[in-house]
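**Student:**
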Amino acid sequence: MLFNCRRVLFLIAILFLLPIKSAMADSKILTYGHPIAANQISIQSQKYAKLTSDNEISKQTKKEFTHNIDLGVLNKSLSANDIEMSGNYSYNINGNYATLNVNKITNNRTGGTSGTLTIELWATASAYNGGNINGYRLASHSVGQLSGGGTFSNITSGTVSFSEPPAGSYFMTLLVSEYGSGIVDHGTFSDKRTFGGNDGGSTGSGIDMSGSFSYQINANTVSLSVDEIANNRSGGKSGTLSIELWATTAAYTGGEITGYKLADYTYGQLTGGQYVTNINSGAISLSTPPAGTYHISMIVEEYNNGIVDYGTFDETRTFGENDGGGTGSGIDLSGKYSYDINNSSITLNADKISNNRTSGVSGTLSIELWASTSVYSGGKINGYKVADHRLGELKAGAAYANISSGTVAFSEPPAGTYYITMLVTEHNNGIVDYGTFSETRTFGGSNGGGTGTGSGLDMSGNSSYEINGDFVTLKLDKIQNNRIGGKSGTLAIELWATASPYNGGNIEGYKLATFSLGQLTGGSAFSNISSGSVALSKPPAGTYSISMLLTEYSNGIVDYGSFSDLRTFDDTTSSGTGIEIKGNLSYQLTGDLVTLKLDEIINNRNNGTSGTLSVELWASETEFNGTSITGHKLASHSIGQLAASSSFTNISSGTISFTKPPIGTYYITMLVTEYGSGIVTSASFSDLYTVKAETLPPPTLDTDTSSDSSSGGSLNYALMFFLFTLIFYRSNILLFISKKYGNK
Numbered sequence: 154m155l156f157n158c159r160r161v162l163f164l165i166a167i168l169f170l171l172p173i174k175s176a177m178a179d180s181k182i183l184t185y186g187h188p189i190a191a192n193q194i195s196i197q198s199q200k201y202a203k204l205t206s207d208n209e210i211s212k213q214t215k216k217e218f219t220h221n222i223d224l225g226v227l228n229k230s231l232s233a234n235d236i237e238m239s240g241n242y243s244y245n246i247n248g249n250y251a252t253l254n255v256n257k258i259t260n261n262r263t264g265g266t267s268g269t270l271t272i273e274l275w276a277t278a279s280a281y282n283g284g285n286i287n288g289y290r291l292a293s294h295s296v297g298q299l300s301g302g303g304t305f306s307n308i309t310s311g312t313v314s315f316s317e318p319p320a321g322s323y324f325m326t327l328l329v330s331e332y333g334s335g336i337v338d339h340g341t342f343s344d345k346r347t348f349g350g351n352d353g354g355s356t357g358s359g360i361d362m363s364g365s366f367s368y369q370i371n372a373n374t375v376s377l378s379v380d381e382i383a384n385n386r387s388g389g390k391s392g393t394l395s396i397e398l399w400a401t402t403a404a405y406t407g408g409e410i411t412g413y414k415l416a417d418y419t420y421g422q423l424t425g426g427q428y429v430t431n432i433n434s435g436a437i438s439l440s441t442p443p444a445g446t447y448h449i450s451m452i453v454e455e456y457n458n459g460i461v462d463y464g465t466f467d468e469t470r471t472f473g474e475n476d477g478g479g480t481g482s483g484i485d486l487s488g489k490y491s492y493d494i495n496n497s498s499i500t501l502n503a504d505k506i507s508n509n510r511t512s513g514v515s516g517t518l519s520i521e522l523w524a525s526t527s528v529y530s531g532g533k534i535n536g537y538k539v540a541d542h543r544l545g546e547l548k549a550g551a552a553y554a555n556i557s558s559g560t561v562a563f564s565e566p567p568a569g570t571y572y573i574t575m576l577v578t579e580h581n582n583g584i585v586d587y588g589t590f591s592e593t594r595t596f597g598g599s600n601g602g603g604t605g606t607g608s609g610l611d612m613s614g615n616s617s618y619e620i621n622g623d624f625v626t627l628k629l630d631k632i633q634n635n636r637i638g639g640k641s642g643t644l645a646i647e648l649w650a651t652a653s654p655y656n657g658g659n660i661e662g663y664k665l666a667t668f669s670l671g672q673l674t675g676g677s678a679f680s681n682i683s684s685g686s687v688a689l690s691k692p693p694a695g696t697y698s699i700s701m702l703l704t705e706y707s708n709g710i711v712d713y714g715s716f717s718d719l720r721t722f723d724d725t726t727s728s729g730t731g732i733e734i735k736g737n738l739s740y741q742l743t744g745d746l747v748t749l750k751l752d753e754i755i756n757n758r759n760n761g762t763s764g765t766l767s768v769e770l771w772a773s774e775t776e777f778n779g780t781s782i783t784g785h786k787l788a789s790h791s792i793g794q795l796a797a798s799s800s801f802t803n804i805s806s807g808t809i810s811f812t813k814p815p816i817g818t819y820y821i822t823m824l825v826t827e828y829g830s831g832i833v834t835s836a837s838f839s840d841l842y843t844v845k846a847e848t849l850p851p852p853t854l855d856t857d858t859s860s861d862s863s864s865g866g867s868l869n870y871a872l873m874f875f876l877f878t879l880i881f882y883r884s885n886i887l888l889f890i891s892k893k894y895g896n897k
């Protein structure tokens with residue numbers, strides 16, 4: 154009986170030992186502040202699960218058209234650049250806008266920060282499978298840079314501009330592109346999308362030409378007419394709109410146009426929801442194409458957006474050697490042309506001179522400016538040659554573009570009022586093309602000063618400006634359009650600061666403010682002009698001459714007046730680069746992510762487009778001095794290029810990666826940088842930012858024995874009982890083993 158009791162106790166001891174194995178497997182080694190031994194690291198060799206193509210594809214229909222496809226259904230490989238798009242992605246087209254959505258973008262690289270990442274929606278004729286893409290980019294959204302190991306989650310572009318492709322059926326692809334690396338990942342939707350249909354040739358831009366449209370050619374001029382142009386966008390203003398007449402060898406059906414531009418007429422801007430009716434260009438210059446039969450199209454073009462609507466006439470038109478405004482010589486003056494008189498010198502400008510002959514080389518070509526008492530309409534000219542500029546010979550099929558004579562001698566005619574004509578002459582052939590200005594020009598009398606550009610647009614009366622902090626008010630008694638007919642381009646008055654008094658021609662200095670007036674019909678005037686309070690962009694500290702300019706879209710400076718008194722600016726924080734931050738700005742931290750926001754960034758330059766602009770958040774131990782910064786770049790967001798006299802508004806980076814600086818207290822500065830120019834403007838926050846040392850809690854031992862996984866907590870008690878049993882009953886255990894197995 155005693156032996157049996159001992160046997161039972163022995164078995165109980167064995168039962169106590171059973172949890173030991175599982176407890177040892179589940180227990181974790183606690184390490185705090187010490188290196189981890191190599192045998193304590195578990196490495197998972199397969200990082201990415203294999204993707205299959207037999208899962209269900211889910212589709213979701215939204216207001217207009219939405220795809221919602223799980224990337225898990227795509228049998229795609231990870232880009233060699235290790236930037237990965239995962240989860241669901243979709244797009245939603247609503248009129249002239251689109252919204253792009255991606256669940257997650259991950260930077261699987263082990264270190265460093267990616268280039269600026271952008272998601273793009275593309276339409277292609279065939280399914281995209283990687284490499285270079287050929288098609289139409291419909292929409293894009295910059296999401297910023299991403300640190301190694303970082304992730305952007307729940308990405309949405311918000312409402313972004315949508316560019317509809319030419320009519321047709323397309324495969325749709327969502328790309329992730331990286332600045333400097335190109336396409337780094339993509340997903341192609343399984344079903345195709347059809348664009349176009351019965352939309353009357355509209356590009357889906359929100360700018361629509363409707364009703365009847367027509368043209369009428371009369372010798373070397375043409376009149377363009379349209380019933381209505383409407384801006385159907387929900388807000389904002391369009392870019393400057395122009396109506397153009399084109400001749401093409403095949404009927405134009407949308408997209409890029411290839412052919413000959415016969416004429417163009419600038420209308421101006423339209424506010425969202427606004428429309429204009431009964432548009433008529435009046436008689437404008439006609440540039441005839443080479444002899445042949447052409448399809449004729451009328452297009453509406455928007456500044457920075459290209460063709461936004463069009464209509465193609467059913468009938469063709471034949472042009473012959475002697476048709477149109479040219480001389481039939483095959484040498485054509487096209488586009489805009491102008492002149493600028495400055496005392497005893499003059500500058501001649503022309504957009505383009507083409508040799509449309511099929512072979513050979515022209516004789517030496519020259520442009521000449523003439524003053525005549527009657528309108529010149531071809532043939533021999535009677536009058537006074539006031540200037541000329543030699544161009545040289547021109548091969549068949551070639552062209553001179555953006556022609557400027559530079560400063561050449563000006564020969565003023567006798568006092569009187571004249572019609573002004575620009576001629577193109579060829580050695581041995583005489584006059585081969587010409588253009589006559591609609592307004593007359595008076596020499597020798599009192600013509601009210603001005604720039605002498607022959608523009609027919611004049612500032613008169615008193616002019617003034619009043620600076621109040623960061624704002625200025627511009628005032629002018631009168632602006633007169635002395636042209637015989639038609640409308641001016643969009644007019645604006647600008648305030649400039651220059652190192653020396655401005656006397657006409659190109660201006661070099663700092664544009665302080667601008668106020669757009671709109672277009673002005675021939676024979677009409679703007680009176681008692683006041684800009685109200687407009688933004689003032691201060692120049693670098695210094696003393697300047699101040700001038701007020703009158704500018705016209707596509708013609709530049711058409712009149713000016715210079716103030717006699719100098720103005721001193723002492724705002725040393727201004728960069729004077731022409732790029733300016735306006736309104737409120739902020740940053741919002743959420744863990745390792747940040748959102749940068751600005752009300753407005755303005756390009757106050759008078760021409761050209763900025764380099765790529767970026768917003769950067771910096772931490773520095775000393776206040777930023779306005780020129781160079783030393784410290785830690787916390788975040789960066791690229792916002793693209795900005796045209797002259799334009800602005801970005803309501804700027805938000807979205808959630809982007811935030812790089813925390815070392816422990817310390819910092820001044821925080823938001824910079825705007827420009828590619829090729831560095832820092833162009835900045836703003837510093839008044840509050841300091843402090844990074845403190847992190848205090849980690851001490852390690853704790855889990856003593857909860859309520860679950861199976863923590864049963865190792867009884868390990869010490871079981872081990873002690875087992876050892877006691879072995880020692881106390883060792884003789885009986887040995888006897889039992891001897892009897893059981895000794896005779897075998």
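Per my numbering, residue 154 is the first one in the sequence shown, and the count goes up by one each step.
A virtual CB, placed ideally from N, CA and C, is assigned to each residue, including glycine.
Just so you know, these numbers come straight off a predicted model, no measurement behind them.
#1: Just grab the DSSP bridge partners of Gln-898 for me.
#2: For Ala-400 and Tyr-447, what's the separation of their Cα atoms in angstroms?
#3: Tell me whether Asn-634 is buried or exposed, calling it buried when 16 or more other Cβ atoms sit within 10 Å of its Cβ.
#4: Tell me which residues share the same chain as Ser-279 and place their Cβ nearer than 7 Å to its Cβ, disregarding the 5 neighbours each side in the sequence.
#5: Please confirm whether Tyr-697 and Ala-652 have their CB atoms less than 8 Å apart.
#6: Closest by CA to Ser-527, which one among Leu-824, Thr-517, Thr-574 and Asn-509?
#7: The beta strand (DSSP E) with Tyr-936 in it runs from where to where?
#8: Just to confirm, are Ser-376 and Gln-369 a CB contact at a threshold of 8 Å?
#9: For Val-329, count neighbouring C-beta atoms within 10 Å of its own C-beta (all shown protein chains included) and say buried if the count is 16 or more, exposed if not.
#10: Since Ser-498 is in the beta strand (DSSP E), which residue starts that stretch and which ends it?
#11: Which residue marks the beginning of the beta strand (DSSP E) containing Val-577, and which one marks its end?
#12: Per DSSP, which one or two residues make a beta bridge with Asp-485?
#13: How about Thr-783 and Ser-773: do their beta carbons lie closer than 8 Å?
#14: Looking at the structure shown, is Phe-838 part of a helix, part of a strand, or coil, going by DSSP?
#15: What residues match up with Asp-712 in a beta bridge as DSSP calls it?
#16: Buried or exposed, going by whether 16 or more other CB atoms sit within 10 Å of the CB of Ser-515?
#17: With DSSP as the reference, label Phe-324 as helix, strand or coil.
#18: Quick check: what's the CA-CA separation for Thr-312 versus Asp-361?
#19: What distance in whole Å lies between the Cβ atoms of Thr-765 and Tyr-828, which are believed to be in contact at a cut-off of 8 Å?
#20: Determine the DSSP secondary structure at Phe-811, reduced to helix, strand or coil.
#21: To the nearest angstrom, how far is it from the Cα of Thr-704 to the Cα of Leu-824?
#22: Using only alpha-carbon positions, find the residue among Glu-237, Ile-246 and Ser-690 that is nearest to Asp-723.
#23: Tell me the residue span of the beta strand (DSSP E) that contains Lys-628.
#24: Look up Ile-460 in the DSSP assignment and give the residues it is bridged to.
#25: What is the rounded straight-line gap between the Cα of Ile-396 and the Cα of Gly-658?
#26: For the region 400-410 against the region 559-566, are there 3 or more C-beta pairs whose distance is under 8 Å?
#27: Can you check DSSP and say which residues form a bridge with Thr-586?
#28: Mind checking His-542: buried by the 16 CB within 10 Å criterion, or exposed?
#29: Quick one: give me the first and last residue of the beta strand (DSSP E) that Gln-741 is part of.
**Tutor:** This is what the structure holds:
#1: For the chain, the structure presents residues 154 to 897; residue 898 sits outside this window and is missing.
#2: The residue you call residue 400 lines up with position 247 of the sequence shown. The residue you call residue 447 lines up with position 294 of the sequence shown. Looking at the two C-alpha atoms, the distance is approximately 6 Å.
#3: Here residue 634 refers to the residue found at position 481 when the sequence shown is read from its first residue. Buried is the call here.
#4: Translated into the one-based positions of the sequence shown, residue 279 becomes position 126. Only Phe-324 meet the Cβ criterion.
#5: Within the sequence shown, numbered from 1, the residue matching residue 697 stands at position 544. Within the sequence shown, numbered from 1, the residue matching residue 652 stands at position 499. Yes. Within cutoff.
#6: By 1-based counting over the sequence shown, the position of residue 527 is 374. When the alpha-carbon of Ser-527 is set against those of Leu-824, Thr-517, Thr-574 and Asn-509, the nearest one is in Thr-574.
#7: This structure cannot speak to residue 936, because the chain is shown only from 154 to 897.
#8: Here residue 376 refers to the residue found at position 223 of the sequence shown. Here residue 369 refers to the residue found at position 216 of the sequence shown. In contact: Ser-376 and Gln-369 (Cβ atoms closer than 8 Å).
#9: Residue mapping note: residue 329 aligns to position 176 of the sequence shown, counting from 1. So Val-329 counts as buried.
#10: The count along the sequence shown starts at 1 and reaches residue 498 at position 345. Counting along the chain, the beta strand (DSSP E) containing Ser-498 begins and ends at 498-508.
#11: Indexing the sequence shown from 1 puts residue 577 at position 424. It spans 569-579 - the beta strand (DSSP E) in which Val-577 sits, taken as one unbroken run.
#12: Locating residue 485 in the sequence shown gives position 332, where the first residue counts as 1. According to DSSP, Asp-485 bridges with Ser-507.
#13: Numbered from 1 along the sequence shown, position 630 holds the residue referred to as residue 783. Numbered from 1 along the sequence shown, position 620 holds the residue referred to as residue 773. For Thr-783 and Ser-773, yes; Cβs fall inside 8 Å.
#14: What you label residue 838 is simply residue 685 of the sequence shown in a count that begins at 1. The answer is coil: DSSP assigns Phe-838 none of H, G, I, E or B.
#15: The residue you call residue 712 lines up with position 559 of the sequence shown. According to DSSP, Asp-712 bridges with Leu-703.
#16: As a working note, residue 515 is residue 362 in the sequence shown. Ser-515 comes out buried.
#17: Here residue 324 is taken as the residue at index 171 of the sequence shown, counted from 1. Looking at Phe-324 - three-state DSSP - the assignment turns out to be strand.
#18: Indexing the sequence shown from 1 puts residue 312 at position 159. Indexing the sequence shown from 1 puts residue 361 at position 208. Thr-312 and Asp-361: Cα-Cα distance of roughly 21 Å.
#19: In the sequence shown, counting from the first residue as 1, residue 828 sits at position 675. In the sequence shown, counting from the first residue as 1, residue 765 sits at position 612. That belief holds up - the Cβ atoms of Tyr-828 and Thr-765 are roughly 4 Å apart, short of 8 Å.
#20: Working through the sequence shown from its first residue, we reach residue 811 at position 658. Phe-811: coil per DSSP, three-state reduction.
#21: On the sequence shown, residue 704 is found 551 positions in, with the first residue counted as 1. On the sequence shown, residue 824 is found 671 positions in, with the first residue counted as 1. Looking at the two C-alpha atoms, the distance is approximately 31 Å.
#22: By 1-based counting over the sequence shown, the position of residue 723 is 570. Answer by Cα proximity: Ser-690.
#23: By 1-based counting over the sequence shown, the position of residue 628 is 475. Per DSSP, Lys-628 belongs to the beta strand (DSSP E) from 624-634.
#24: Counting from one through the sequence shown, the residue named residue 460 turns up at place 307. DSSP, once it has assigned bridges, lists Glu-454 as partnering Ile-460.
#25: Position 243 of the sequence shown, counted from the start, is the residue given in the question as residue 396. Position 505 of the sequence shown, counted from the start, is the residue given in the question as residue 658. So the two alpha carbons sit approximately 29 Å from each other.
#26: no
#27: As a first step, residue 586 must be located in the sequence shown, where it is residue number 433. Position check: residue 586 holds Asp in this sequence, whereas Thr was assumed. Residue pairing by DSSP places Asp-586 opposite Val-577 in a beta bridge.
#28: Within the sequence shown, the letter at position 389 stands for residue 542. Buried is the call here.
#29: Within the sequence shown, the letter at position 588 stands for residue 741. Unbroken beta strand (DSSP E) run through Gln-741: 732-743.
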